[in-house]
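Just below is one structure, and these are the notes that go with it.
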Amino acid sequence: MAALVAVPTLILLPLLIAFVGIVFSESDERDEGGREGSGRDGSGRDGSGRTEEQVPCSEALAFGGAVLPADARPAGACTVQGFQDIHYSAAFRMPRTGVQDWLIHTYPDAPAPGTESCVGAEADLCLDLGHEQGLPGGVDAHAVRVRVVHEDAGTALVRFTAFTM
540 MAALVAVPTL ILLPLLIAFV GIVFSESDER DEGGREGSGR DGSGRDGSGR
590 TEEQVPCSEA LAFGGAVLPA DARPAGACTV QGFQDIHYSA AFRMPRTGVQ
640 DWLIHTYPDA PAPGTESCVG AEADLCLDLG HEQGLPGGVD AHAVRVRVVH
690 EDAGTALVRF TAFTM
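The opening residue of the sequence shown carries number 540 in the working numbering; numbering runs sequentially from there.
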């Protein structure tokens, strides 16, 4: 009777060991592949799987229904990140006196920019828009966020983000 149990065990045990070995080796390869794209390793990926690349500032602003003001100059690279959603960002400097006019011209149906939505942000003026809060129809972004810092009496740093959710 013991021989009847021992023979199948001796045959099945090596097959079971081989199967477990294959399963664990495949999961190790998947883990290593997942680690390659995590963190900032120069590939443009962050830990969430998003890729980041530089784009023309006109593209970043257009995604949110805006254009770079004529008297503005970019402040750093404009970027897009994407995975399941899309996130454009741009920063530029412009005359402080022109910021309100630019926002009103760009988003005529938006509420007036103010400090209410600046909670937690280091900004002097903020505007948060969605399609229900003054974002024009036909704009690809679901939301736009503008943060303005008055750098000195004549210059404002405008940080613009437009994204989908």
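Beta carbons are placed, not taken as given, at the ideal position from N, Cα and C, and that holds for glycine.
Only a predicted model underlies this, so the values are computations on that prediction, with no experimental measurement involved.
DSSP places T645 within a helical segment (H, G or I) once states are collapsed to three. When the five nearest sequence neighbours on each side are left out, the beta carbons in the same chain lying within less than 8 angstroms of the beta carbon of D624 are those of F702, T703, M704, in order along the chain.
Residue state for V658 is assigned as coil, using DSSP reduced to three classes. If you compare the alpha carbons of A682, V678, Q639 with that of D663, the shortest gap goes to Q639. Between the region 628-635 and the region 644-651 there are fewer than three inter-stretch CB-CB distances shorter than 8 angstroms, so the stretches are not counted as touching. Each residue's CA atom was taken as its position, placing L696 and D667 some 16 angstroms apart.
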